[in-house]
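Enquirer: If you're matching them up, the sequences are chains R and S in order. Note that my numbering gives residue 123 to position 123 of the first sequence, counting from 1, and the numbers run on in steps of one. Note that my numbering gives residue 202 to position 202 of the second sequence, counting from 1, and the numbers run on in steps of one. Backbone N, C-alpha and C fix where the C-beta goes; we use that ideal spot for every residue, glycine too. Just so it is clear, the structure is predicted and the values come from calculations on it, not from any experiment.
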Amino acid sequence: MTVHASFPDAALEPAPLLTVSGVSRFYGERIGCADVSFDLWPGEVLGIVGESGSGKSTLLRCLAGIDKPDAGEVLFRAGPEPLDIYSVSEQERRRLMRTAWGIVHQNPRDGLRMDVTAGGNVGERLMDRGDRHYGKIRERALDWLQRVEIAGSRIDDRPRQFSGGMQQRLQIARVLVSEPRLVFMDEPTGGLDVSVQARLLDLLRVLVRDLGLAAIIVTHDLAVARLLTDRLMVMKDGHVVEQGLTDQVLDDPHHAYTQLLTSAVLSV
Amino acid sequence: MTTMIQVENVAKTFTLHNQGGTRLPVFDDVNFTVEAGEALVLAGASGAGKSSLLRILYGNYRPTSGAIRITHAGRPVDIVSAVPRTVLDIRRRTLGFVSQFLRVIPRVSALDIVRDPLLARGASQGEASDRAKAMLTRLNLPERLWNLAPATFSGGEQQRVNIARSFVDPSPIMLIDEPTASLDAANRDVVVELISEARTAGSAIVGIFHDEAVRERVATRYLDITSFRKAA
Ligand SMILES: Nc1ncnc2c1ncn2[C@@H]1O[C@H](COP(=O)(O)OP(=O)(O)OP(=O)(O)O)[C@@H](O)[C@H]1O
Ligand SMILES: Nc1ncnc2c1ncn2[C@@H]1O[C@H](COP(=O)(O)OP(=O)(O)OP(=O)(O)O)[C@@H](O)[C@H]1O
Ligand SMILES: [Mg+2]
Ligand SMILES: [Mg+2]
């Protein structure tokens, strides 16, 4: 038996990266999401599942600083002091969004600049961060294109010349190049065909593990959740009905809705 | 002796909400302990709840009540009430689960699957490769398969990859559910040896084995879980 002494005790980790309490968002009379609370720790990958209209994207937008909740707060720990992301200035929030976290949109067109080259899309994020050396920026952009399996020879092509799967991989490179600590993804493999999805998923799995990223991933696909996430939150009608370790929730679901969701799939 | 698992007043009832709320009591008031260096074999008829109990020990199923204290990094930790990241940490360092089935990860080679737990525990690339190869050789997995992803392997080949991954660096606690189900006699013998070696090296083993000959060679103690059946 090996003695596993080199690991820090989980109990000794300083604090959660994200603390969400009582987050609610209403659209008039309609509930977007209601009273959502959880902690996310460095390196944890949280999945959000639930049927269409259950509030997954609404919640993600509230967490990612895109859409202010009507109630509740989202605390992010970038430094020693937690920041309430909606009480800091607009400018400060934008700076955080550019440097400390990243957002992968379902539609790559929402996350890419379609009129800028692939290399420019990736390099731009480094410039946002303050990098100025052109040669180094191009070198890192090239490295990232290769990591997401886009040939370096395509660096000067524009995203509209890429397939949907390539656009999605380019978006991922653009988000990860600035080394965010937290990444939000809304259906990152939606709209792609199954073989392209499998490749992208494998890529995400490896990147998330190697970079030690914390991530929140919205998906309606339980197999995706099984492969990529540590923890799972199940939403219905805007409410979180069940949460826990991903394998617990999928193998021994307690809530009626989760049981329905898992029984609808033959094997996950 | 070091107590590795302490099961206290554990009960499990499944409630099937989409079948009219049917309640399925499995067991009640389960109490036992497992020490380092022993192999406890769970006995009981099909459906008695052996696999469910093993999954509860792993933190995969949630008991209806009770506590499971796992000795983790020298301290007892209740895996039932632990937060997810603590459960994951316990699994990474203390608890191994060996099932009959390999959960295939797309595009990852057999060799990398077996190397993975060593790397996760801080072994060097070279050491991880050497030990993984030795284990695959011992389980008679043809070398031409090592660099392929197991998605296309036969059931028995996948099973051996899974066993190699589990025993390449045995955990302080090994939970084992029918590991030899579709193996031939030679490979079954290797598995029995691997389990005995892990136990001799100090692991605590809890296992389920349908094959009586395997059971007798592995067990140092039996627990018939039928005795915990809830009085209806
Ligand atoms: N901008 C908006 N204005 C009004 N209602 C909205 C708005 N955005 C979302 N909603 C409503 O809020 C609820 C939750 O929507 P949301 O987009 O969060 O669902 P979702 O879980 O992401 O669904 P899907 O899986 O289909 O993407 C729905 O009833 C939706 O119609
Ligand atoms: N996830 C689950 N949801 C609902 N019921 C379950 C679940 N898992 C197991 N059960 C039920 O619990 C009871 C015990 O099952 P379990 O698999 O633990 O038995 P076992 O002793 O391992 O049987 P076998 O020897 O056939 O493998 C069975 O009635 C089974 O249907
Ligand atoms: Mg949505
Ligand atoms: Mg069983």
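Go ahead and pull the three-state DSSP assignment for T33(S).
Expert: strand
Enquirer: So with CB distances below 8 Å, who are the chain S contacts of W41(R)?
Expert: R85
Enquirer: Please state whether DSSP places R92(S) in a helix, a strand or coil.
Expert: For R92(S), the secondary structure class from DSSP, reduced to helix, strand or coil, is helix.
Enquirer: Quick check: the Cα distance between T22(S) and V249(R), rounded to an integer number of angstroms?
Expert: Approximately 19 Å, taken between the alpha carbons.
Enquirer: Should A214(R) be flagged as near chain S, meaning a C-beta pair shorter than 8 Å?
Expert: no
Enquirer: My assumption, with CB atoms under 8 Å, is that V36(R) sits in contact with V23(R). Please give the rounded CB distance.
Expert: Contact flag correct, Cβ pair sits at about 5 Å.
Enquirer: Confirm the yes/no value for this check: CB of D186(R), any heavy atom of ligand 3, distance under 7 Å.
Expert: yes
Enquirer: Rounded C-beta distance between D211(S) and S51(S)? I'm assuming under 8 Å.
Expert: At roughly 16 Å, the Cβ-Cβ gap does not stay under 8 Å, so D211(S) and S51(S) are not in contact.
Enquirer: Where D29(S) and A11(S) are concerned, what is the direct C-alpha to C-alpha distance, given to the nearest angstrom?
Expert: 6 Å
Enquirer: Which residues mark the beginning and the end of the alpha helix (DSSP H) in which D39(R) is found?
Expert: No alpha helix (DSSP H) holds D39(R); the beta strand (DSSP E) holding it covers R30 to L40.
Enquirer: For L148(S), count neighbouring Cβ atoms within 10 angstroms of its own Cβ and tell me buried if that reaches 16, exposed if not.
Expert: exposed
Enquirer: In three-state terms, what does DSSP make of A43(S)?
Expert: DSSP places A43(S) in strand when its eight states are reduced to three.
Enquirer: Which of the residues in the segment 79-111 of chain S, read from start to end, lie with their CB under 8 Å from any CB of chain R?
Expert: P84, R85, T86, V87, L88, D89, R92, R93, I105, P106, R107 and V108
Enquirer: Express the C-alpha separation of L57(S) and D143(R) in angstroms, rounding to a whole number.
Expert: 44 Å
Enquirer: Any C-beta of chain S within less than 7 Å: which residues of the segment 59-93 of chain R qualify?
Expert: none
Enquirer: Can you confirm whether S37(R), when its beta carbon is compared against all beta carbons of chain S, has any partner nearer than 8 Å?
Expert: no
Enquirer: So which residues put a beta carbon under 7 Å from any heavy atom of ligand 4, going in chain order?
Expert: Residues whose Cβ lies closer than 7 Å to any heavy atom of ligand 4, listed in chain order: K50(S), S51(S), D177(S), E178(S) and I208(S).
Enquirer: Alpha carbon to alpha carbon, how far is N9(S) from A198(S)?
Expert: As the crow flies, the alpha-carbon of N9(S) is around 28 Å from that of A198(S).
Enquirer: Note down the Cα distance separating I225(S) from L24(S), rounded to an integer number of angstroms.
Expert: 16 Å
Enquirer: Please list the partners that G244(R) has in chain S, where partner means a Cβ-to-Cβ separation under 8 Å.
Expert: Neighbours of G244(R) in chain S, taken as residues whose beta carbon is under 8 Å from its own, are R62 and P84 in chain order.
Enquirer: Comparing the C-beta of G59(S) with each C-beta of chain R, is any distance below 8 Å?
Expert: yes
Enquirer: What is the DSSP secondary structure of M233(R), counted as helix, strand or coil?
Expert: strand
Enquirer: Can you list the residues of chain S that D247(R) reaches, using a CB-CB cut of under 7 Å?
Expert: N60
Enquirer: Where does the unbroken alpha helix (DSSP H) through I163(S) begin, and where does it stop?
Expert: G155 to F167
Enquirer: Can a CB atom of chain R be found closer than 8 Å to the CB of G155(S)?
Expert: no
Enquirer: Counting only Cβ pairs nearer than 8 Å, list the residues of chain R close to N18(S).
Expert: A256, Q259, L260 and S263
Enquirer: May I ask which residues mark the beginning and end of the beta strand (DSSP E) holding I103(R)?
Expert: W101 to V104
Enquirer: For S182(S), is the beta carbon positioned less than 7 Å from some heavy atom of ligand 3?
Expert: Checking the Cβ of S182(S) against ligand 3 gives no.
Enquirer: Which chain S residues sit within Cβ distance under 7 Å of R231(R)?
Expert: P84
Enquirer: Could you tell me which residues DSSP pairs with H239(R) in its beta bridges?
Expert: K236(R)
Enquirer: Using a threshold of 8 Å, state whether the C-beta atoms of I5(S) and A204(S) are closer than that.
Expert: yes
Enquirer: So what does DSSP say about F228(S), is it helix, strand or coil?
Expert: helix
Enquirer: With 16 as the cutoff for other CB atoms within 10 Å, does G244(R) come out buried or exposed?
Expert: buried
Enquirer: Under the rule that 16 or more other beta-carbon atoms within 10 Å means buried, what is S99(S), buried or exposed?
Expert: Buried: at least 16 other Cβ atoms inside 10 Å.
Enquirer: For P76(S), write down the residues that DSSP places opposite it in a beta bridge.
Expert: T71(S)
Enquirer: Are there 16 or more other CB atoms within 10 angstroms of the CB of F167(S), so buried, or fewer, so exposed?
Expert: buried
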